[in-house]
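Q:
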Amino acid sequence: MEKIVLVLAPHTDDGEFGCGGSIIKLIARGYRVVYVAFSAAEQSVLPQFPRDILRHEVVEATRTLGIKESDCLVFDFAVRKFPELRQEILEKMVLLNKEYQPDIVFLPSMQDTHQDHLVIAQEGFRAFKKTTMFGYEVPWNNLDFRTTCFYVLDETQLQTKIKALQCYRSQQHRSYVTEEFIRSLAITRGTQISQRYAEVFEVVRLIDN
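Encoded structure:
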């Protein structure tokens with residue numbers, strides 16, 4: 002049977018930051034990865050760019066990781082309004098669970114301080130509580146983080162993750178989009194387990210079938 006990984010991204014690019022290298026690795030192992038962004042953050046796009054630019058950039062970025070365009074879904078929730086839309090978001094997730102029945106779900110950490118990220122983490126747990134879930138690291142938002150699961154990356158996987166994030170031309174002004182930051186974080190996490198590079202996750206729920 003086809004094994005499915007579901008990546009829950011509050012906004013376009015969160016999934017690439019949090020687990021881009023692991024997505025590449027899992028696709029190489031034969032998993033189908035479905036990427037779901039709950040907002041294209043039109044309200045936050047800089048004025049020199051089209052308001053819908055992130056909808057195009059996320060398709061390019063996820064394609065770079067190896068995800069099919071048909072498996073890249075972008076919803077219309079307004080950025081920074083997720084707490085007000087919590088029930089509607091949960092209902093979307095319940096439908097996603099019924100449609101895809103994922104084997105693994107990646108979602109933000111329960112310690113993420115961004116209001117939108119925290120809603121996705123909390124409602125994601127409710128919707129997928131019978132599924133293996135890993136919380137991904139967004140260090141500029143995390144109040145705390147439990148480094149309980151590591152995915153080792155090689156140079157090619159890291160370079161592809163960096164290339165995917167470079168597809169977000171509208172976000173290059175952010176300090177954490179630089180190759181230096183992405184690479185240094187991968188080195189730091191790799192060093193913790195005596196590897197060259199890694200991505201780290203907190204185990205939210207682990208189910209061995």
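Residues 2 to 210 (this note's numbering) are what the sequence shown spells out, left to right.
Idealized CB from N, CA, C, for every residue including glycine.
Source: prediction; values computed, not measured.
Just verifying my parser: in three-state terms, what is the DSSP assignment at T161?
A: As a first step, residue 161 is located in the sequence shown; it is residue number 160 there, counting from the start. Reduced to three states, the DSSP call for T161 is helix.
Q: When DSSP labels each residue in this structure, what does C73 get in the three-state scheme?
A: One-based indexing of the sequence shown puts residue 73 at position 72. C73 falls in the strand class under three-state DSSP.
Q: With H, G and I counted as helix, E and B as strand and the rest as coil, what does DSSP make of Y134?
A: Here residue 134 is taken as the residue at index 133 of the sequence shown, counted from 1. Checking the sequence shown, residue 134 turns out to be Met, not Tyr. Note: M134 maps to strand in three-state DSSP.
Q: CB-CB under 7 Å to V34, same chain, minus the five flanking residues each way: which ones, in chain order?
A: Translated into positions along the sequence shown, residue 34 becomes position 33. These residues qualify, in order along the chain: V6, V8, I24, L27, I28, I68 and D72.
Q: How close, in whole Å, do the beta carbons of N98 and F135 come, if the pair is a contact with beta carbons under 8 Å?
A: Working through the sequence shown from its first residue, we reach residue 98 at position 97. Working through the sequence shown from its first residue, we reach residue 135 at position 134. N98 to F135, Cβ: 16 Å. No contact.
Q: Check each candidate in I183, V201 and V80 and name the one with the smallest Cα separation from R190.
A: On the sequence shown, position 189 is the one that residue 190 refers to. If we check each option's Cα against that of R190, V201 comes out closest.
Q: Nearest CA to the CA of P48: which residue from S171, L96 and Q116?
A: In the sequence shown, residue 48 corresponds to position 47, counting from 1. Among S171, L96 and Q116, the Cα nearest to that of P48 belongs to S171.
Q: Within its chain, find whatever has a CB closer than 8 Å to the CB of D155; leave out the 5 residues flanking it on each side and keep chain order.
A: On the sequence shown, residue 155 is found 154 positions in, with the first residue counted as 1. Taken in chain order, the residues that qualify are R197 and Y198.
Q: Please list, in chain order, all residues of the same chain as V60 whose beta carbon is under 8 Å from its beta carbon, the five residues on each side excluded.
A: One-based indexing of the sequence shown puts residue 60 at position 59. Same-chain partners within the cutoff: E70 and C73.
Q: Could you work out which residue in V46, D15, F18 and H118 is closest to I90 when comparing CA atoms only?
A: Looking up residue 90 in the sequence shown gives position 89. Nearest option by C-alpha distance: H118.
Q: So the beta strand (DSSP E) E17 belongs to, where does it begin and stop?
A: The residue given as residue 17 occupies position 16 in the sequence shown. First-last for E17: D15 to A29, but that is the alpha helix (DSSP H), not the beta strand (DSSP E).
Q: Return yes when the Cβ of D77 is within less than 9 Å of the Cβ of S45, no when it is not.
A: On the sequence shown, position 44 is the one that residue 45 refers to. On the sequence shown, position 76 is the one that residue 77 refers to. No, the pair does not count as a contact, with Cβ atoms beyond the cut-off.
Q: When we look at the beta-carbon of E100 and count the other beta-carbons within 10 Å, is it buried (16 or more) or exposed?
A: Here residue 100 refers to the residue found at position 99 of the sequence shown. By the 10 Å Cβ count, E100 comes out exposed.
Q: Run through DSSP, which three-state label would L207 get?
A: Start at 1 with the first residue of the sequence shown, and residue 207 comes out as number 206. Reduced to three states, the DSSP call for L207 is coil.
Q: Could you check what DSSP says for R170 in three-state terms: helix, strand or coil?
A: Counted from its first residue, the sequence shown places residue 170 at position 169. Correct three-state label for R170: helix.
Q: According to DSSP, is I5 part of a helix, a strand, or is it coil?
A: One-based indexing of the sequence shown puts residue 5 at position 4. Three-state result, I5: strand.
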